[in-house]
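Student: So the mapping is simple: my numbering equals the position in the sequence shown, first residue as 1, plus 63.
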Amino acid sequence: MQLKTLLNELGHTLWGSAEVEIGGLQFDSRRVRPGDLFFACVGKDTDGHRYIFHALEQGAAAIVGQQPPPDGLAVPYIQVPDSRAALARCAAAWYGHPGRQMTVIGVTGTDGKTTTVNLLQAIFAAAGRRTGMISTVNALIGDRYQDTGLHVTTPDAPEIQSLLAQMRDVGTEVAVLEATSHGLAQHRVTAAEFDVAVVTNVTHEHLDYHGSWERYCDDKARLFRMLGESFRKPGVPKVAVLNADDASFARLKPISADVQVVYGLERPADVWATDLEIVDGRRVFTLHSPYGTFELCSPLREHYNVYNIMAAVSAALALDVPVAAVQRGVVEFRGVIGRMERVDEGQDFTAIVDFAHTPNALQRALEALRPQTPGRLIVVFGSAGLRDVYKREMMGRVAGRLADITVITAEDPRTEDLNAIIEQIAQGCLAEGAQEGDGPGRRFYRVPDRPAAIQLAVDLARPGDTVVTCGKAHEQSMCFGTVEYPWNEHQALRAALLTRLGRPGEVQAPRLPTGS
């Protein structure tokens, strides 16, 4: 593709000729191949402008950057206001603007995004619409699933556009994208051409990156502002789906859209639920909406999943999905890997893997499990290094207040001192009156090695208890230092259960670095 074609997407200043053939787009100088266009992106920990000359040594044909061109540059240089936004727009052009050829739904929020994305996919599939999906767990292209990464993040812009292009090429009509705060702030989903923006909630998370809750919420709001910037598709309205009960509501409501649908349980809303019951192990309730009143039944019986269901259903109804298809999609959706997922090896207590990794998600998980647990509630969790430090004590407080036994352990400590992270969580437990070690009442343990922590929780369990391991779920690695080590939470929990049941060795727990 000619450089001048890509430049049509950008507000820019050009040094040199635009009559250059471009072979690919790269923002990592180590991946540059001869003929590529290199984007010097500015990140939290690094500045791509430092690697311009390395990209040139690799054969870059032109450079995009936010700063004026360095001296001695022998290839065209394009200065733009934001290199990441430029990368996203050029990637969209490179793949032929695939988002313009399907209805695109974006889901953002602190908790519940992946479940809501998958619910939407199930509902549209039930309506007979060819549906694709990109979540932090996987992507659905046609009838084929593929992984999207090791840790929770939205794929980078070129990968997003590549996935959308693959969806287009197999005839996808509706694409549902999970939009994390990092993905929005770093323009990874810019130029995806959103038609619908959905928010689950905006609670305490990632303040290490965003700096404050207000900035975090503003980055989430970018998804809703994109509605006004996105390509207009015939017959497809720009729809905003908001949570009336969430603190984000006041900030998001003023952002204009063709249609605004508000859902909630506690405050006035367009879509709300009544008669919430558990029948035969399923959540049953009556949904009231401008599109009619009808019953919904879901295997997702946790109360917080009522919000995720309402969010997904609100978006689907706004796009004219028939009520019968909505009901069918909701009842047939079995959940997402690592979200309140039971692991059963024949033990006489309940064992669950869940992804709760924020104070709000941990609280909702423990509150959901308490009524289902005749015995004690035992939780295993940690907190990630080089991430929001303020949530650590908050999560400790939640566990110290709501769990009978808490086991604090590793969760991607990265280059931070793991014991220091555990200490911050422990302070929260202590503040809520939990005592360390064996004894009566609520208590907690520090076990830095995660397999050993899970084994302790399982060994402590009695008949009727619930053991829930939180924070890793679907993720397939754990980071110590700068190295990602293979990890499988389900495997670790199964190994612990089998050891408890006298069948050690049938499943091996993943190994982590010594001293973890």
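In this text, a Cβ means the ideal position worked out from N, Cα and C, and glycines have one as well.
Owing to the predicted nature of the structure, the values given are computational and were not obtained by experimental measurement.
Thinking just about the alpha-carbon of each residue, which of H112, A118, A520 is nearest to the one in G98?
Tutor: As a first step, residue 98 must be located in the sequence shown, where it is residue number 35. Answer by Cα proximity: A118.
Student: Note the first and the last residue of the continuous alpha helix (DSSP H) segment covering T562.
Tutor: Counting from one through the sequence shown, the residue named residue 562 turns up at place 499. Where T562 is concerned, the enclosing alpha helix (DSSP H) stretches over 552-563.
Student: Starting from the N-terminal side, write out each stretch of the alpha helix (DSSP H) that is 4 residues or longer and does not extend beyond the segment 270-325.
Tutor: Counting only runs of 4 or more, we get 270-273, 276-292, 312-315.
Student: Given a cut-off of 8 Å on the beta-carbon distance, is the pair H245 and T199 in contact?
Tutor: In the sequence shown, the residue the question calls residue 245 occupies position 182. In the sequence shown, the residue the question calls residue 199 occupies position 136. The answer is no: Cβ separation not under 8 Å.
Student: Between which two residues does the alpha helix (DSSP H) carrying V394 extend?
Tutor: Looking up residue 394 in the sequence shown gives position 331. Per DSSP, V394 belongs to the alpha helix (DSSP H) from 386-395.
Student: Please classify T263: is it buried, with 16 or more other beta-carbons within 10 angstroms of its beta-carbon, or exposed?
Tutor: Numbered from its first residue, the sequence shown carries residue 263 at position 200. Looking at its Cβ environment, which holds 16 or more other Cβ atoms inside 10 Å, T263 is buried.
Student: Quickly, what does DSSP pair P549 with across the bridge? List them, please.
Tutor: In the sequence shown, residue 549 corresponds to position 486, counting from 1. DSSP, once it has assigned bridges, lists S540 as partnering P549.
Student: Using the three-state DSSP reduction, which class does I85 fall into: helix, strand or coil?
Tutor: Along the sequence shown, one-based indexing puts residue 85 at 22. Correct three-state label for I85: coil.
Student: Could you tell me which residues DSSP pairs with G355 in its beta bridges?
Tutor: Along the sequence shown, read from residue 1 onward, the residue named residue 355 stands at position 292. Its beta-bridge partners are S352.
Student: Grab the span of the alpha helix (DSSP H) containing A185 for me, first residue to last.
Tutor: On the sequence shown, residue 185 is found 122 positions in, with the first residue counted as 1. Taken as a continuous stretch (DSSP letters only), the alpha helix (DSSP H) holding A185 covers 176-189.
Student: Tell me where the beta strand (DSSP E) around I341 begins and ends.
Tutor: Locating residue 341 in the sequence shown gives position 278, where the first residue counts as 1. Run containing I341: 335-342, per the beta strand (DSSP E) assignment.
Student: Here's the rule: buried if 16 or more other CB atoms are within 10 angstroms of the residue's CB, otherwise exposed. What is Y279?
Tutor: By one-based count along the sequence shown, residue 279 stands at place 216. That one is buried.
Student: If you draw a straight line from the C-alpha of T177 to the C-alpha of S80, how long is it?
Tutor: Residue numbering aside, residue 177 sits at position 114 when the sequence shown is read from its first letter. Residue numbering aside, residue 80 sits at position 17 when the sequence shown is read from its first letter. Approximately 44 Å, taken between the alpha carbons.
Student: M165 to D383, Cα distance in whole Å?
Tutor: Residue 165 sits at position 102 when you count from the first residue of the sequence shown. Residue 383 sits at position 320 when you count from the first residue of the sequence shown. Approximately 15 Å, taken between the alpha carbons.
Student: Using a Cβ-Cβ cutoff of less than 7 Å, which residues in the same chain neighbour R460 once the five nearest sequence positions on both sides are dropped?
Tutor: As a position in the sequence shown, residue 460 is number 397, starting the count at 1. Excluding positions up to five away in sequence, the list reads G491, A494, E495.
Student: May I ask you to report which of helix, strand or coil DSSP gives S80?
Tutor: Counted from its first residue, the sequence shown places residue 80 at position 17. It is coil, neither helix nor strand.
Student: Just verifying my parser: in three-state terms, what is the DSSP assignment at V510?
Tutor: For the purposes of this step, residue 510 is taken as the residue at position 447 of the sequence shown. Three-state result, V510: coil.
Student: Would you decide whether P476 is buried or exposed? Buried here means 16 or more other CB atoms lie within 10 Å of its CB.
Tutor: One-based indexing of the sequence shown puts residue 476 at position 413. Classification for P476: buried.
Student: Pick from R455, Q249, V167, A387: whose alpha carbon is nearest that of E236?
Tutor: As a first step, residue 236 is located in the sequence shown; it is residue number 173 there, counting from the start. Measuring from the Cα of E236, the nearest candidate turns out to be V167.
Student: Does the beta-carbon distance from E72 to A156 come in below 8 Å?
Tutor: Within the sequence shown, numbered from 1, the residue matching residue 72 stands at position 9. Within the sequence shown, numbered from 1, the residue matching residue 156 stands at position 93. It is a contact, given that the beta carbons lie within the stated cut-off.
Student: Considering only the beta carbon of each residue, do F412 and P300 sit closer than 8 Å?
Tutor: Position 349 of the sequence shown holds residue 412. Position 237 of the sequence shown holds residue 300. For F412 and P300, no; Cβs fall outside 8 Å.
Student: Flag this pair as touching only if the segment 144-162 and the segment 183-201 have three or more C-beta atom pairs under 8 Å; answer yes or no.
Tutor: With the cut-off at 8 Å, the segment 144-162 and the segment 183-201 do not touch.
Student: Using the Cα positions of H273 and M196, report the straight-line distance between them to the nearest angstrom.
Tutor: Numbered from its first residue, the sequence shown carries residue 273 at position 210. Numbered from its first residue, the sequence shown carries residue 196 at position 133. Bear in mind that the predicted position of H273 carries a pLDDT of just 48, short of 50, making it unreliable; the figure below should be weighed with that in mind. Cα to Cα, the separation comes out at about 26 Å.
Student: Kindly confirm or deny that the segment 494-510 and the segment 536-554 touch, where touching means at least three C-beta pairs closer than 8 Å.
Tutor: Verdict: no, contact absent.
Student: What does the alpha-carbon distance come out to for the pair D321 and A381?
Tutor: In the sequence shown, counting from the first residue as 1, residue 321 sits at position 258. In the sequence shown, counting from the first residue as 1, residue 381 sits at position 318. Their backbone Cα atoms lie some 11 Å apart in a straight line.
Student: Tell me the DSSP secondary structure of V487 in three-state form.
Tutor: Taking the sequence shown and counting its residues from 1, one reaches residue 487 at position 424. The sequence given here places Gln at residue 487; Val does not occur at that position. Reduced to three states, the DSSP call for Q487 is helix.
Student: If contact is defined by three or more beta carbon pairs under 8 Å, each pair taking one atom from either stretch, is the segment 289-299 in contact with the segment 255-262?
Tutor: Contact between the segment 255-262 and the segment 289-299 is present, because at least three Cβ pairs lie under 8 Å.
Student: How far does the beta strand (DSSP E) with C104 in it reach, from first residue to last?
Tutor: In the sequence shown, counting from the first residue as 1, residue 104 sits at position 41. Note, C104: premise wrong, no beta strand (DSSP E); not H, not E.
Student: With distances taken between CB atoms, is the gap from L88 to L183 smaller than 8 Å?
Tutor: Here residue 88 is taken as the residue at index 25 of the sequence shown, counted from 1. Here residue 183 is taken as the residue at index 120 of the sequence shown, counted from 1. Contact flag unset, no.
Student: Just reading off the alpha helix (DSSP H) that V95 is part of, what are its end residues?
Tutor: Position 32 of the sequence shown, counted from the start, is the residue given in the question as residue 95. Note, V95: premise wrong, no alpha helix (DSSP H); not H, not E.
Student: Among A188, E456, V265, whose alpha-carbon lies nearest the alpha-carbon of A307?
Tutor: The count along the sequence shown starts at 1 and reaches residue 307 at position 244. With distances taken between Cα atoms, A307 lies closest to V265.
Student: Determine which residues share a DSSP beta bridge with A632 and list them.
Tutor: Residue 632 lies beyond the stretch modelled for the chain, which goes from 64 to 579, so this question has no answer here.
Student: Just how far apart, CA to CA, sit V386 and S377?
Tutor: By one-based count along the sequence shown, residue 386 stands at place 323. By one-based count along the sequence shown, residue 377 stands at place 314. When rounded, the distance between both Cα atoms is 11 Å.
Student: Consult DSSP for R427 and reduce its assignment to one of helix, strand or coil.
Tutor: Start at 1 with the first residue of the sequence shown, and residue 427 comes out as number 364. Three-state DSSP puts R427 in a helix.
Student: What separation, rounded to the nearest whole angstrom, lies between the Cα atoms of G74 and V127?
Tutor: Numbered from its first residue, the sequence shown carries residue 74 at position 11. Numbered from its first residue, the sequence shown carries residue 127 at position 64. Looking at the two C-alpha atoms, the distance is approximately 12 Å.
Student: Which residues in the same chain have their Cβ closer than 6 Å to the Cβ of F396, if we skip the five residues on either side of it in sequence?
Tutor: Counted from its first residue, the sequence shown places residue 396 at position 333. So the qualifying residues of the chain are L182, A185.
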